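A short worksheet on the structure shown next.
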Amino acid sequence: MKLSTLGRGQSARITSVHHVPAVIRHRLAVMGLIPGTAVELVRRAPLGDPLQIRLDNEQLVVRRDVAKLIDVETL
Numbered sequence: 001m002k003l004s005t006l007g008r009g010q011s012a013r014i015t016s017v018h019h020v021p022a023v024i025r026h027r028l029a030v031m032g033l034i035p036g037t038a039v040e041l042v043r044r045a046p047l048g049d050p051l052q053i054r055l056d057n058e059q060l061v062v063r064r065d066v067a068k069l070i071d072v073e074t075l
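Numbered by the UniProt record's numbering, the letters in the sequence shown go through residues 1 to 75 in order.
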């Protein structure tokens with residue numbers, strides 16, 4: 001399952017970011033989006049892009065095209 005397919009309020013754990021380009025993968029790691037991290041989809045922008053996600057006590061915004069490359073498993 002991809003991060004981009006989560007429903008509003010749905011939680012998941014990141015399992016892989018291998019298909020993300022190295023530069024973007026580094027930025028995601030700095031933000032804490034690494035395998036093993038639990039995330040929750042807070043909401044989508046009106047046209048579906050970007051996605052607002054929550055991890056720990058932080059809220060981040062991720063572009064849909066990047067979210068399509070992040071593998072997750074639902075919790």
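Every residue, glycine too, gets a C-beta built ideally from N, C-alpha and C.
All of these numbers come straight from a predicted model, not from anything done at the bench.
- Residue range 38-44 is occupied by the beta strand (DSSP E) that includes R44.
- Around the beta carbon of S16, fewer than 16 other beta carbons sit within 10 angstroms, so the residue counts as exposed.
- CA-to-CA, the gap between E40 and L55 works out to about 7 Å.
- In the three-state scheme derived from DSSP, where H, G and I count as helix and E and B as strand, D49 is classed as coil.
- Taking C-alpha positions only, D71 is separated from P46 by approximately 23 Å.
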